[in-house]
Amino acid sequence: MEYDITDVELHEAGRRRIEWANRQMPVLQLVRQEFAEQQPLGGERIGCCLHVTSETANLMRTLKAGGAEVALCASNPLSTQNEVGASLVTDYEIPVFARHGEDRETYYNHINAVLDIKPTITIDDGADVISTLHSERPEQIADIKAGMEETTTGVIRLRAMAADGALKYPLIAVNDANTKHLFDNYYGTGQSTIDGILRATNTLLAGKNFVVCGYGDCGRGVCRRAAGMGAKVIVCEVDPLRALQATMDGYQVMPIADAAGIGDIFITVTGDRSVIRREQFELMKDGAVLGNSGHFDVEIDLPDLREMSTTIRTVRPNLEAYQLEDGREVFVIGQGRLTNLAAAEGHPAAVMDMSFANQALCTAYVAGLSEPLAIAVHPVPQEIDERVATLKLQTMGISIDTLTPEQEEYLASWKMGT
Ligand code: ADE
56 MEYDITDVEL HEAGRRRIEW ANRQMPVLQL VRQEFAEQQP LGGERIGCCL
106 HVTSETANLM RTLKAGGAEV ALCASNPLST QNEVGASLVT DYEIPVFARH
156 GEDRETYYNH INAVLDIKPT ITIDDGADVI STLHSERPEQ IADIKAGMEE
206 TTTGVIRLRA MAADGALKYP LIAVNDANTK HLFDNYYGTG QSTIDGILRA
256 TNTLLAGKNF VVCGYGDCGR GVCRRAAGMG AKVIVCEVDP LRALQATMDG
306 YQVMPIADAA GIGDIFITVT GDRSVIRREQ FELMKDGAVL GNSGHFDVEI
356 DLPDLREMST TIRTVRPNLE AYQLEDGREV FVIGQGRLTN LAAAEGHPAA
406 VMDMSFANQA LCTAYVAGLS EPLAIAVHPV PQEIDERVAT LKLQTMGISI
456 DTLTPEQEEY LASWKMGT
């Protein structure tokens, strides 16, 4: 078996982490059991580009249990947990191509190593496999039944490809399932971003001016958790509706030009580039902390900051100080890459349980189709989304009400009024 990881000797620590995560992923466990019995993925080769974490490891185990051949590479150079890669290779015989801290060339070599298995299905987090296939290996696309995309940024890229007429195989936007984005993006990014800030800085959030750029599902989650820790939250938005929601949720809303000089901590979660750039660095207080929880490392303009800095030094793991010409220092978490994965462990397993149950059930759906899907970006089938919600509630021991026949009838009729 071919693989490329940092150190196979780390496998025992990795296995313990994978088992701990598995305990908190009961829905994925049920899917794995069903897959082992029914083998819905027999004959499929699944090429995965995901954060190499203990939660992802449990998805890989599930796909393999369903009869698929799988291979995994990283979807971010700083999110790989080396011990998890070691355990997947050693304990679960799943090929992994990922080294924490890998450079850009290695990152793309690893994507190509996964594509060498000639996938029939792809699973992406950020669409780098899809984009590599389209730009460099288009001859492989004919063999691909469909792909799944995990994250908002990836789905935006895919919709841009579809709009351009460039998309050449069908994709399912797993991110957009309700049991994904309303939970993973909100609770997951909320908690794990705070976790990353605290691990990198050990700073007190209470009383701090905490600026969040972007009020989508992820931004909302970050705001809620920061407010819960006693921070004074300021939201910067470009969308009037979201800005209004942020206002009525109780946060201060202002342009980044105004927030730049008063923020103590800044988190970008917009999915766009250069959200914090030269003009803002010029205004920042000495000691300001900057982190990004959007998928790519483009939201904080680090090339600008590097140019403006006289020295850059590492002050703690995952925290670099940039000293500006006038002596002020600003601190950047995890090189501007995903704060929650670079400086912490990503979203907790209990929330990835739902995201990855969606991923696994979508692969079985794609593998079982008698007619190929149209070349487009498709939603997760509603039955899958509802099944994940139902199973999650069941595994949490929560039962809910059902409508009485009278109530059903009332909802279906339009005649009864005042
Ligand atoms: N994305 C965010 N958190 C994650 C995790 N723990 N594992 C895999 N992908 C993630």
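Using the numbering used here, the first residue of the sequence shown is number 56, and each one after it goes up by one.
Even for Gly, the Cβ is constructed at its ideal location relative to N, Cα and C.
Rounded C-alpha distance that separates residue i from residue j
i	j	result
Thr-394	Val-107	15 Å
His-350	Thr-206	8 Å
Gln-183	Phe-336	The sequence shown places Asp at residue 183, not Gln. For Asp-183 and Phe-336, the distance between alpha carbons rounds to 30 Å.
Thr-302	Asp-341	28 Å
Gln-84	Ala-422	20 Å
Leu-396	Leu-213	23 Å
His-66	Ala-91	24 Å
His-189	Gly-243	31 Å
Asp-304	Ala-232	24 Å
Leu-424	Val-210	22 Å
Ala-255	Leu-345	11 Å
Gly-269	His-155	28 Å
Leu-253	Val-387	13 Å
Ile-166	Leu-338	40 Å
Gly-121	Gly-98	10 Å
Leu-448	Ser-186	36 Å
Ala-343	Ile-101	43 Å
Asn-257	Val-385	16 Å
Asn-347	Ala-419	34 Å
Cβ neighbours of residue i in the same chain (closer than 7 Å, five flanking residues each side left out)
i	result
Tyr-224	Ile-196, Ile-199, Ala-201, Gly-202 and Ile-430
Ala-444	Thr-234
Cys-417	Met-203, Ile-227, Val-229, Val-435 and Ile-439
Arg-116	Arg-87 and Tyr-147
Ile-149	Met-115, Lys-119, Val-125, Leu-127 and Leu-143
Met-56	Glu-148 and Pro-150
Arg-275	Tyr-241
Residue i (DSSP reduced to helix, strand or coil)
i	result
Val-288	strand
Ala-201	strand
Asp-59	strand
Ile-455	coil
Thr-258	coil
His-66	helix
Ala-298	helix
Ile-101	strand
Ala-228	strand
Ala-264	Inspection of the sequence shows that residue 264 is occupied by Asn rather than by Ala. Residue state, collapsed to three classes: strand.
Ala-126	strand
Asn-443	At residue 443 the sequence reads Val, which differs from the Asn that was named. Looking at Val-443 - three-state DSSP - the assignment turns out to be helix.
Pro-434	strand
Arg-192	coil
Ala-221	coil
Gly-121	coil
Gly-472	coil
Asn-113	helix
Asn-233	helix
Ala-282	helix
Glu-362	helix
Val-293	coil
Pro-81	helix
Residue i beta carbon near the ligand ADE (any heavy atom closer than 7 Å)
i	result
Met-203	no
Ser-142	no
Thr-111	yes
Glu-148	no
Gly-346	no
Thr-418	no
Gly-243	yes
Leu-237	no
Met-363	no
Met-80	no
Gly-382	no
Met-115	no
His-106	yes
Gly-269	no
Gly-401	yes
Chain-order list of residues whose beta-carbon lies under 8 Å from that of residue i (same chain, five-residue window excluded)
i	result
Glu-400	Thr-108, Ser-109, Gln-136, Ser-247 and Asp-250
Leu-458	Leu-466
Arg-361	Ile-367 and Tyr-377
Ile-455	Leu-448
Leu-170	Gly-102, Val-184, Thr-187, Leu-188, Arg-192 and Gln-195
Minimum Cβ-Cβ distance from residue i to chain B less than 8 Å
i	result
Ser-410	The displayed structure is made up of one protein chain only, and chain B is not part of it.
Cut-off 6 Å between Cβ atoms - residues of its own chain near residue i, not counting five sequence neighbours on either side
i	result
Ser-130	Cys-104, Leu-105, His-106, Asp-180 and Gly-181
Val-39	Because the chain spans 56 through 473 in this model, residue 39 falls outside it and cannot be assessed.
Arg-332	Asp-356 and Asp-359
Ala-123	Leu-96, Glu-99 and Ile-101
Ala-404	Ala-76, Gln-79, Met-80 and Glu-110
Ala-112	Ile-73, Val-139 and Leu-143
Contact test: residue i Cβ vs the ligand ADP heavy atom, cutoff 7 Å
i	result
Ala-217	Summarising the ligand content, the structure contains the ligand ADE and does not contain the ligand ADP.
Which runs of the alpha helix (DSSP H), 4 residues or longer, sit entirely within the stretch 144-189? 159-170
Ordered list of alpha helix (DSSP H) runs contained in the stretch 305-356, each at least 4 residues: 311-314 and 333-338
Return the chain-ordered ranges of every beta strand (DSSP E) run that is complete within the stretch 364-420 and spans a minimum of 3 residues. 364-371, 374-379 and 384-388
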